[in-house]
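Numbering (full-length UniProt numbering), first residue to last: 1 to 336. Glycine is no exception: its CB is placed at the ideal position from the N, C-alpha and C atoms.
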């Protein structure tokens, strides 16, 4: 069944300060009504895959933490890749506890036979950027501290110390999470990530923008790009324009080339308003670094919309996308 966005509750327009449907609505009295991402499901054992999950909260006061996923037949004798996943939602909705992400990441954990750490970061507008980046980096460093390299994790988590191969760490995410995955990879390249080696990043339908329209953006109704800018100005109030490096990271090619990994799989959807930005990102990443060169592939889901795989996980195209991501994580060529 196709996903249907929730119907907003009736409200007097005079009481509304900002309305960004289908994400959220802000009232003049400061109240925030989120339309998406408010539901949550508990961690546990997934009956379909046998994957186990648990939550680790690093900051009880603001909910910053991680939901960990462990494959059914995991054994400390065979270390597994670690996928650190950043959820989407325009930096302002959704959580790591969301049913949509819980379903997807149970499946990814099972298919890839990897440990997955789904990051729960603070949301705008209550916590504008760079809060999401700060939280994501904190979680990434915490995870890497379990590698046995001399760092002492706090709190310590045995699923990470016992099951993870820290030479095979991946950063992945959709939409806003795709944006985060890039910026975390650059930060790892610039500052280092003691105890861990980034193998690759997987930005899926990444939320990038820019001042000058590119590709299919030129054919979009003006209101679509206006909504994108409205989101950016809400979540990143310090921006000057849409060529801000947070928003348009490939504007600075030399900076983009500092990603601390050797492989990039960019996933785009043909009917996504963000498709051209993802394609442009892939093209720039191919040429942004000569030594060592980046291995970059752009994988397009034909005929599909933004994050379709989350809302229609049973469709054929979602299965194809999952196969591509799993191949990438397991080190196989994605060009098959």
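Do residue i and residue j have their C-beta atoms within less than 8 Å of each other?
i, j, result
"residue 118", "residue 67", "yes"
"residue 237", "residue 262", "no"
"residue 170", "residue 200", "yes"
"residue 49", "residue 72", "yes"
"residue 69", "residue 116", "yes"
"residue 268", "residue 278", "yes"
"residue 37", "residue 98", "yes"
"residue 175", "residue 206", "yes"
Using DSSP with H/G/I as helix, E/B as strand and the rest coil, what is residue i?
i, result
"residue 167", "strand"
"residue 85", "strand"
"residue 32", "strand"
"residue 259", "coil"
"residue 189", "helix"
"residue 122", "coil"
"residue 203", "strand"
"residue 197", "coil"
"residue 238", "coil"
"residue 109", "helix"
"residue 251", "helix"
"residue 63", "coil"
"residue 153", "coil"
"residue 177", "helix"
Classify residue i: buried if its beta carbon has 16 or more other beta carbons within 10 angstroms, exposed otherwise.
i, result
"residue 303", "exposed"
"residue 57", "exposed"
"residue 75", "exposed"
"residue 7", "exposed"
"residue 39", "exposed"
Considering just the uninterrupted stretch of the alpha helix (DSSP H) at residue i, what are its terminal residues?
i, result
"residue 135", "131-144"
"residue 321", "316-329"
Got a sec, what are the start and stop residues for the beta strand (DSSP E) residue i sits in?
i, result
"residue 264", "263-269"
"residue 299", "295-301"
"residue 25", "24-27"
"residue 276", "Where residue 276 is concerned, there is no enclosing beta strand (DSSP E), although the alpha helix (DSSP H) it sits in stretches over 275-287."
"residue 18", "16-20"
Flag residue i as yes if its beta-carbon sits less than 8 Å from any beta-carbon of chain B, otherwise no.
i, result
"residue 271", "The chain inventory of the structure shown lacks chain B, comprising one protein chain alone."
Spell out the partners DSSP gives residue i in its beta bridges.
i, result
"residue 69", "53 and 116"
"residue 45", "52"
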